[in-house]
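Chains as they are written, first to last, in this note's numbering: chain B, 25 to 335; chain D, 2 to 267.
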């Protein structure tokens, strides 16, 4: 991974301790211009706390948060000029209609051109004339997305952007992200859904209990994904012998509740494929299913490994 | 240093509570003016003799020798002190506390407007709204007096009295504003922001009642309304007003300072 001398987003040892092990601790990562950066972690891991620091809502106790070289708390105003933001928990003024709210936000952002706003509303099939109070979660989410992108920001920070959207709209959203990436927009997006990160992001940080567990390049990550062979043999004994072969490893996934019959097993292989296939044939394979390990399974490895405790 | 779209939005959001409190106060003001007549004044002073503590507690003492004194006795000891407080609590809740608690403040902070600009806009909106309320009430007061008792109201002193009352309410707004800049939940906001002024008012009632308890007037903000000075002497800006101005300015500045440096979990 090359080191960017002028990262757009830069966290160095950012810490915010809420007590009881809550908060974020010693976070450091950078995001370069035009990069889409995923921020993955289970609920309560500290994703939103990190984003609050980036938005200048809270100040890190230790360390620094900078965007475009500016301090996220002190120079929040200058940063916001070029930043779009979608909150994880959307809170809109209930008494306003969606349209009135978007126009109000456009005024606050000093936007003169509302074409992009209209364009985005059309894309997400948003009819914003109703009162916010009566809007569903998905509708509000659309309003939030339009709000985040309508002023053509250079950086967008999105906290769980697709929550509440139906699969069709999730696709529209993914297209929007890919388009923005082409334009050179820097994107930081938190999620606990692996799939949407997989489709959009170049790199991903994995956060667990307030600490960065890993920062991974998505392309190299894809290469790390294993093929899993589900093999059915005649009987248990034959399977045992096969599993004892040096090129063959049994694969199992901790969280899997699936019970396999005794003559069936999930295997990963090392070695040349033709040799392995021959071996399968020698053991009189009855059935063979091959799938690629999902990104989720790969990530679960990070979640499962215990982090050193803080004391 | 203020954001015009936000200011407009603030005024719109507070218009309904403003009109409700205005309507209630209009009713009181017109009824009290309508009831004015020197004979009734003597009868009411009979009440004052029968229930001296009760009447004194709500500031209703003395015999009204003219229309303005009548209004001062029956409006400025209770009604024009506590009803505006209700409006102030609702207003600050809408413009600041509610936004912090519900998270809608995040929308404002995520725009290229500094915290300083946002909090200044909220302060200006609050001061403007209380001034608007008192301006409207003053207009209604003058109009009712001129219709029912033409020429009997000393308009200059009435304006001075209302200006001082507004200053007092601005200082109360300062208390509530400061509390909302420090608090993170509506519960503590209502407890401190509503509790403090109510406590001050109770102290004022107690200090009105007894001679020995009169010293308590030094620990309540409501004793800073210099009604007697304005009505009996020719002072239009008594020293109490200066104190109120200082209290209001200090609380607003401290609150704004605290708002700019605090963590907001939005």
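Ideal Cβ positions, reconstructed from N, Cα and C, are used throughout, including at glycine.
- Note that the C-beta distance between residue 145(D) and residue 35(D) is below 9 angstroms.
- Chain-order list of chain D residues neighbouring residue 163(B): empty, with the shortest C-beta distance near 16 angstroms, by a criterion of under 9 angstroms.
- For residue 120(D), the enclosing alpha helix (DSSP H) covers residues 116 to 149.
- Secondary structure at residue 313(B): strand, using DSSP grouped into helix, strand and coil.
- For a Cβ distance threshold of 8 angstroms, residue set 132 of chain B lies close to residue 109(D), ordered along the chain.
- Taking a Cβ-Cβ threshold of 8 angstroms, none of the residues of chain B is close to residue 18(D); the smallest such distance is about 12 angstroms.
- The Cβ atoms of residue 53(B) and residue 34(B) sit closer than 9 angstroms to each other.
- DSSP places residue 181(D) inside the alpha helix (DSSP H), whose first and last residues are 156 to 183.
- Residue 93(D) holds the alpha-carbon nearest to the alpha-carbon of residue 126(D) among 141(D), 93(D) and 149(D).
- What residue 11(D) touches in chain B, judged by beta-carbon distance under 7 angstroms, is nothing: the nearest beta carbon there is about 11 angstroms away.
- In the three-state reduction of the DSSP assignment, residue 237(D) falls in the coil class.
- Looking at the DSSP output, residue 153(D) bridges to nothing.
- Residues of chain D whose Cβ lies closer than 7 angstroms to the Cβ of residue 128(B) are, in chain order, 6 and 10.
- With a contact defined as Cβ atoms closer than 8 angstroms, residue 226(B) and residue 213(B) miss out at about 11 angstroms.
- Per DSSP, reduced to three states, the secondary structure at residue 149(B) is coil, with no helix or strand assignment.
- Closer than 9 angstroms to the CB of residue 126(D) there is not a single CB belonging to chain B.
- The beta carbon of residue 100(B) falls within 9 angstroms of a beta carbon belonging to chain D, placing the residue at that interface.
- Under the three-state reduction of DSSP output, residue 96(B) falls in the coil class, being neither helix nor strand.
- At least 9 angstroms separates the CB of residue 224(B) from every CB of chain D.
- Residue environment analysis places residue 206(D) among the buried positions, since at least 16 neighbouring C-beta atoms fall within 10 angstroms of its C-beta.
- For residue 91(B), the enclosing beta strand (DSSP E) starts and ends at 86 to 91.
- In the structure shown, the three-state DSSP call for residue 188(D) is helix.
- The three-state reading of DSSP puts residue 211(B) in strand, counting E and B together.
- Under the criterion of beta carbons closer than 8 angstroms, residue 152(B) and residue 186(B) do not qualify as touching, at roughly 19 angstroms.
- A contact between stretches requires three or more CB pairs, one per stretch, nearer than 8 angstroms, and the stretch 83 to 103 of chain B fails this requirement with the stretch 62 to 70 of chain B.
- With its beta carbon at least 9 angstroms from every one in chain D, residue 173(B) lies outside the interface.
- Where residue 220(B) is concerned, the enclosing alpha helix (DSSP H) starts and stops at 218 to 224.
- Judged by DSSP secondary structure, residue 52(B) falls within the beta strand (DSSP E) whose first and last residues are 46 to 55.
- Residues of the same chain with a CB within less than 8 angstroms of the CB of residue 257(D), apart from the 5 flanking positions on each side, are 117, 120, 121, 124 and 182 in chain order.
- Taking the CA atoms as reference points, residue 201(D) sits about 39 angstroms from residue 156(B).
- Nearest CB-CB separation between residue 14(D) and chain B: below the 9 angstroms threshold.
- Going by DSSP, residue 61(B) is part of the beta strand (DSSP E) stretching over 60 to 64.
- Per DSSP, the unbroken alpha helix (DSSP H) holding residue 74(B) starts and ends at 71 to 78.
- Using beta-carbon distances, residue 185(D) does not count as an interface residue toward chain B, since no partner is under 9 angstroms.
- Boundaries around residue 102(D) are those of the alpha helix (DSSP H), 99 to 103, since no beta strand (DSSP E) includes it.
- Taking a beta-carbon distance threshold of 9 angstroms, residue 130(D) does not count as an interface residue toward chain B.
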